[in-house]
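Structure record follows, encoded as structure tokens.
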Amino acid sequence: MMNPAHAANGCDSIASIPITWNIDYENDIQTIFNTRCSNCHVKSGGSPEAGLDLDPGSSWDSLVNAPSLEQLGRLLVLPGQPLDSVMFEKINCETPNAGMRMPRDRTPLPLSEQALIYD
Ligand code: HEC
Numbered sequence: 047m048m049n050p051a052h053a054a055n056g057c058d059s060i061a062s063i064p065i066t067w068n069i070d071y072e073n074d075i076q077t078i079f080n081t082r083c084s085n086c087h088v089k090s091g092g093s094p095e096a097g098l099d100l101d102p103g104s105s106w107d108s109l110v111n112a113p114s115l116e117q118l119g120r121l122l123v124l125p126g127q128p129l130d131s132v133m134f135e136k137i138n139c140e141t142p143n144a145g146m147r148m149p150r151d152r153t154p155l156p157l158s159e160q161a162l163i164y165d
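Quick note: the sequence shown uses our numbering, first residue 47, plus one each step.
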């Protein structure tokens, strides 16, 4: 069966970005969410978009092994398999399999930040 992640279109290549081996989740990843996904995926002040709370202290549990609401049967983050993870597809691809590219209506993440999330 075709891998659904590969049906998304306009995905950026991050092949030119060196691998970061020692990712610090709070410093390297949470700061991206704080800067780029705030207002929408925050619990403070209402219900987060798509039920996805990316606040500090919540984002890991919201993402890792958590089911996608938009793409039934897929996980937002499947550990060790970014290309099968809905969250990576949503930041990496112009046309994801469902919904819009994230951050919605904003500038796509720079390749360096996409690569950190991939790693
Ligand atoms: C301007 C508001 C806004 C911003 C900023 C935003 N999102 Fe979203 N997000 C949404 C909305 C609305 C949806 C549901 C519709 C869609 O997917 O287009 C969504 C859906 C998602 C989904 C799909 C959830 C699921 O269950 O399948 C993921 C993953 C996601 N966003 C991640 C992110 C990440 C990571 C960022 C920051 C890099 C981000 N979003 C920034 C509004 C936003």
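For glycine and all other residues, C-beta sits at the position ideal for the given N, C-alpha and C.
Fair warning: this is a prediction, and the values are worked out from it, not measured in the lab.
Contact between Val88 and Asp107 does not hold, since the beta-carbon distance rounds to 15 Å and is not under 8 Å. With fewer than 16 neighbouring CB atoms inside 10 Å of its own CB, Gln127 falls in the exposed class. Three or more Cβ pairs closer than 8 Å define a contact, and the stretch 52–72 falls short of that threshold against the stretch 111–121. With a contact defined as Cβ atoms closer than 8 Å, Ser114 and Val132 qualify at about 4 Å.
Every unbroken stretch of the beta strand (DSSP E) spanning 3 or more residues and falling wholly within the stretch 113–163 is given here in chain order: 139–141. Take the alpha-carbon of Trp67 and the one of Pro142: they are about 27 Å apart.
In this structure, DSSP gives Asn55 an extended state, which the three-state scheme calls strand. Each residue's CA atom was taken as its position, placing Leu162 and Ile78 some 9 Å apart. Between Pro154 and Cys83 the beta-carbon gap is near 13 Å, outside 8 Å, which marks them as no contact.
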